[in-house]
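Q: First the structure, which I've put down as structure tokens, then a few questions once you've had a look.
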Amino acid sequence: MITIETIYLGELRTKATHLQSGNSIITDAPLDNQGKGEAFSPTDLLAAALASCMLTIMGIAARTHGFNIDGTKAEITKIMESNPRRV
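Using numbering that gives the first Met the number 0, read the sequence shown as starting at 0 and increasing by one per residue.
As structure tokens, then:
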């Protein structure tokens, strides 16, 4: 089980910390949703998580079958709808 602690920093910004490693990610609301747009938005991380998950699973399969996928990349375009607001 992994625990992530997320703190609201104010001004529509959060800091999420992966407690096991100590790594942190700052999120910021996007410009089109009252934020500053200076960091990943929470929905940007949703899109990034999908790409990271896909590449990780591909890496596991590659390792299992003895080949290398280093340098493989995924590009995801996130499209937001406004009413209701959704990805």
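All C-beta atoms, glycine included, are put in the ideal place defined by N, C-alpha and C.
1. Would you mind reading off the limits of the beta strand (DSSP E) that contains G9?
2. What is the rounded straight-line gap between the Cα of K77 and the Cα of R85?
3. Per DSSP, A73 forms a beta bridge with which residues?
4. For A38, does the three-state DSSP call read helix, strand or coil?
5. Which of the three DSSP states is assigned to I25 in this structure?
6. Between S23 and T16, is the Cβ-Cβ spacing less than 7 Å?
A: Taking the geometry as given:
1. The residue labelled residue 9 in the question sits at position 10 within the sequence shown. Counting along the chain, the beta strand (DSSP E) containing G9 begins and ends at I3 to G9.
2. On the sequence shown, residue 77 is found 78 positions in, with the first residue counted as 1. On the sequence shown, residue 85 is found 86 positions in, with the first residue counted as 1. Their Cα atoms are separated by approximately 10 Å.
3. Here residue 73 is taken as the residue at index 74 of the sequence shown, counted from 1. Per DSSP, none; premise fails for A73.
4. Working through the sequence shown from its first residue, we reach residue 38 at position 39. Here A38 sits in coil by DSSP.
5. The residue given as residue 25 occupies position 26 in the sequence shown. Three-state result, I25: strand.
6. Position 24 of the sequence shown, counting from 1, holds the residue named residue 23. Position 17 of the sequence shown, counting from 1, holds the residue named residue 16. Yes, they are a contact pair.
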